[in-house]
């Protein structure tokens, strides 16, 4: 009985709350692969410039194309890491048991 009440509340409110990053990722999966935004690229370029002095030894022996591929791979890894963190946050979020919450239910039956 408690589960059916919870299900009714879920459907009345449009489903469980999903982290915004996860929703963005799911919608991008439906649309297919997409380019990074200009802001992401600029941020990554700046970060690459900042880290260049530390990684200069590994980059010295590469061509420009290889360096671009390395940067693209690093950018993808950073995006994956951000997505993994948002997935972790959405699965391990604190459950709100207040009366207005979707997850709210009484611990005892109201009979």
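In this note's numbering, the protein residues as written are -9 to 101.
Even for Gly, the Cβ is constructed at its ideal location relative to N, Cα and C.
Small disclaimer: the values here were computed from a predicted structure and weren't measured.
Reference residue i, options the options, closest by Cα
i	options	result
residue 15	74, 54 and 56	74
residue 36	77, 65 and 10	65
residue 63	11, 31 and 13	31
Residue range of the alpha helix (DSSP H) that includes residue i
i	result
residue 79	54 to 81
7 Å CB neighbourhood of residue i in its chain, flanking five on each side removed
i	result
residue 70	none
residue 79	9
residue 77	12
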